[in-house]
Amino acid sequence: MKISKSEYTRRRKNLMAMMEANSIALIPAAGECTRSRDTEYTFRQDSDFLYLTGFEEPDGVLVLIPGRRAGQVVLFCRDRDPEMELWNGYRAGPEGAVSDFGMDDAFPMDDIDDILPGLLEGKQHIYYSMGHNDAFDRRVMGWVNQIRRQIRTGAKPPGDFTDLAFLLHEQRLFKSAQELRVMRRAGAISAEAHCRAMRECREGRFEYHLEGAILHEFAENGARAAAYNSIVGAGPNACVLHYTENRDKLRSGDLVLIDAGCEYQGYAADITRTFPVSGRFSEAQRALYDLVLKAQLAAIAKVRPGNTWNQPHDATVRVITRGLIELGLLRGKEKDLIKSGAYRDFYMHRAGHWLGMDVHDVGDYRVDGKWRQLEPGMVLTIEPGIYVAPGNTKVAKKWRGIGVRIEDDVAVTPEGCEVLTAGVPKAIEDIEQLMAAG
Ligand code: GLY
Ligand code: MN
Ligand code: MN
Numbered sequence: 077m078k079i080s081k082s083e084y085t086r087r088r089k090n091l092m093a094m095m096e097a098n099s100i101a102l103i104p105a106a107g108e109c110t111r112s113r114d115t116e117y118t119f120r121q122d123s124d125f126l127y128l129t130g131f132e133e134p135d136g137v138l139v140l141i142p143g144r145r146a147g148q149v150v151l152f153c154r155d156r157d158p159e160m161e162l163w164n165g166y167r168a169g170p171e172g173a174v175s176d177f178g179m180d181d182a183f184p185m186d187d188i189d190d191i192l193p194g195l196l197e198g199k200q201h202i203y204y205s206m207g208h209n210d211a212f213d214r215r216v217m218g219w220v221n222q223i224r225r226q227i228r229t230g231a232k233p234p235g236d237f238t239d240l241a242f243l244l245h246e247q248r249l250f251k252s253a254q255e256l257r258v259m260r261r262a263g264a265i266s267a268e269a270h271c272r273a274m275r276e277c278r279e280g281r282f283e284y285h286l287e288g289a290i291l292h293e294f295a296e297n298g299a300r301a302a303a304y305n306s307i308v309g310a311g312p313n314a315c316v317l318h319y320t321e322n323r324d325k326l327r328s329g330d331l332v333l334i335d336a337g338c339e340y341q342g343y344a345a346d347i348t349r350t351f352p353v354s355g356r357f358s359e360a361q362r363a364l365y366d367l368v369l370k371a372q373l374a375a376i377a378k379v380r381p382g383n384t385w386n387q388p389h390d391a392t393v394r395v396i397t398r399g400l401i402e403l404g405l406l407r408g409k410e411k412d413l414i415k416s417g418a419y420r421d422f423y424m425h426r427a428g429h430w431l432g433m434d435v436h437d438v439g440d441y442r443v444d445g446k447w448r449q450l451e452p453g454m455v456l457t458i459e460p461g462i463y464v465a466p467g468n469t470k471v472a473k474k475w476r477g478i479g480v481r482i483e484d485d486v487a488v489t490p491e492g493c494e495v496l497t498a499g500v501p502k503a504i505e506d507i508e509q510l511m512a513a514g
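Sequential numbering from 77 applies to the sequence shown in the numbering used here.
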């Protein structure tokens, strides 16, 4: 299951169709990143570059020049090099970029200083996302200044810079049928990994054992990377929103919160489940868990075309605030506690975010100052939570140190929505049953 070559061509065409006349776009690839001394982190391509090329090598630049007769799509990439390829692996080279990746033309990266100023010269607009890559920003300015220095010989420097992000990210926000297929698979693999963690959970094991089980399940299904660092937090660690140490012991009587998702063919899944180490929820855990689940289901019910981005979030705030009053964790009137933000002592993040090639994916949340409407093809997470700080002496002891989050990935469809991560249970009886069978 891969994004097809023709879809990459379509994406570039769509983007070029939205660019102004007499313009050019520059999209740099990611570089390799040192982990220690002379070893690198596993390479991850820049999402914008990958979206437009499917090209997974570091150190390249995609150049789009709508209307150029000699070729509208030009890639600069690493040249073939038998010695380097023997050590570090295959390179497509400029020939492969044309024959296998559908580029109109391609050149070695080493020639970019000689060729690119000529492509920029005379263009009115440069589409480029400035401020994300210092080294490349400087190179772009160097090429522009090179043209400026030749002004007296008749050279015409580019008129202005336009942020590429707006056009490109608006396009990335709407997932195609192929993207949805890939994201469904990312969701299914990640759901299976969470099921496995529930089955393999035992008192006395460590958080990293569950992390290992999850990563193993990802890799066995062809998803070599996690989309983000996995969170496995048992007991009060579940109340640390970005806990990634994952090194404590699993104790009977505690809940464990796992927030983990794979990256599959460049697309992220993002799932959170919370379950008891022992396989049975206690009374207090059950009460908070059921409240978070009720909030999550209320929010998912709000995901449909025409509703705004904020409606699912507002639904979680209402359900959680009312529930916390009923359980005695908050005192006062629902309306006042929402207005004052008192619920934020327990629920301090938003209900979700866009999801796609990046886990916190691109796309605006507001349009013309208003929350934007949901439309088919958008994919978002729904992830309410309740976290009672271990040191919160304002609430009864039985609640303290309990952290619960439930997170699913949801695609907006013409009729409503589709939950892409339904393969892992979230109802208490289903979780208890799965864990008892494990
Ligand atoms: N795992 C990151 C998030 O849920 O936003
Ligand atoms: Mn998330
Ligand atoms: Mn998450």
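Virtual Cβ for every residue (Gly too), placed ideally from N, Cα, C.
These numbers come from a predicted model, not from an experiment.
Checklist entry - What are the start and end residues of the beta strand (DSSP E) that includes L151? => result 149-153
Item to check | Buried or exposed (CB count within 10 angstroms, at least 16 for buried), Y166 | outcome: exposed
Next on the checklist: Please report the distance separating the alpha-carbon of C338 from that of N221.
Outcome noted: 43 Å
Next on the checklist: Which residue wins for smallest C-alpha separation from K446, given the options I507, R214, Q387?
Outcome noted: Q387
Item to check | Among R86, S99, S123, T115, nearest to Q341 - alpha-carbon criterion | outcome: S123
Item to check | Which of helix, strand or coil DSSP assigns to E116 | outcome: strand
Checklist entry - Name the DSSP bridge partner or partners of Y340? => result Y343
Next on the checklist: Tell me the DSSP secondary structure of W163 in three-state form.
Outcome noted: helix
Checklist entry - Going by the CB atoms, is the gap between A262 and A345 shorter than 8 Å? => result yes
Checklist entry - Does the Cβ-Cβ distance between L195 and I290 come in under 8 Å? => result no
Checklist entry - When the distance is taken between beta carbons, is L286 closer than 8 Å to I307? => result no
Checklist entry - Can you check whether the CB of M179 is closer than 8 Å to the CB of V137? => result no
Item to check | Euclidean distance between Cα positions of R275 and F237 | outcome: 54 Å
Checklist entry - Which word fits D444, buried or exposed, when buried means at least 16 other C-beta atoms lie within 10 angstroms of its C-beta? => result exposed
Next on the checklist: Buried or exposed for Q372, going by 16 or more other Cβ atoms inside 10 Å?
Outcome noted: buried
Checklist entry - By a C-beta neighbour count over all protein chains shown, 10 Å radius and 16 as the cutoff for buried, is F351 buried or exposed? => result buried
Next on the checklist: Are the CB atoms of M454 and Y343 within a distance shorter than 8 Å?
Outcome noted: no
Item to check | Complete beta strand (DSSP E) runs within the segment 175-250 (minimum length 3 residues, chain order) | outcome: 181-184, 201-203, 236-238
Checklist entry - Of the residues G143, Y284, E246, which one's Cα is nearest the Cα of E96? => result G143
Next on the checklist: Just to confirm the assignment: which complete alpha helix (DSSP H) runs, minimum length 4, are found wholly within the segment 78-135?
Outcome noted: 81-94, 123-129
Checklist entry - Do L240 and Y203 come within 8 Å of each other at the CB atom, strictly closer than that value? => result yes
Item to check | Within 6 Å of ligand 2: residues by beta-carbon to any heavy atom | outcome: D346, H429, T457, E459, E483
Next on the checklist: So for T392, helix, strand or coil by DSSP?
Outcome noted: helix
Checklist entry - Hey, would you say L151 sits closer than 8 Å to M92, going by beta carbons? => result no
Next on the checklist: Beta-carbon within less than 8 Å of I79's beta-carbon, same chain only, minus the 5 sequence neighbours each way: which residues are those?
Outcome noted: G130, Q254, E255, V258, Q341, G342
Next on the checklist: Quick check on the DSSP output: the alpha helix (DSSP H) that includes L256 runs from which residue to which?
Outcome noted: 253-276
Checklist entry - Where DSSP assigns a beta bridge to L456, which residues make up the other side? => result W430, V486
Checklist entry - If we count the other Cβ atoms within 10 Å of its Cβ and call it buried at 16 or more, is M217 buried or exposed? => result exposed
Checklist entry - Is there contact between the segment 456-466 and the segment 396-413, where contact requires at least three CB pairs shorter than 8 Å? => result yes
Next on the checklist: If I measure Cβ to Cβ from N313 and keep anything under 7 Å in the same chain, skipping five residues before and after, which residues do I get?
Outcome noted: Y319, D324
Checklist entry - Where does Y463 sit, in a helix, a strand or coil, going by DSSP? => result strand
Checklist entry - Expressed to the nearest angstrom, what Euclidean distance is found between the alpha-carbon atoms of T497 and A336? => result 12 Å
Item to check | Short Cβ contact (8 Å threshold) for A472 with G404 | outcome: yes
Next on the checklist: Any heavy atom of ligand 3 closer than 7 Å to the beta-carbon of D518?
Outcome noted: The question about residue 518 has no answer, for the chain in this structure spans 77 to 514.
Checklist entry - When every heavy atom of ligand 1 is checked, does at least one fall within less than 7 Å of the C-beta of H389? => result no
Item to check | Distance between beta carbons of E279 and S358, contact taken as under 8 Å | outcome: The Cβ separation is near 14 Å, so there is no contact.
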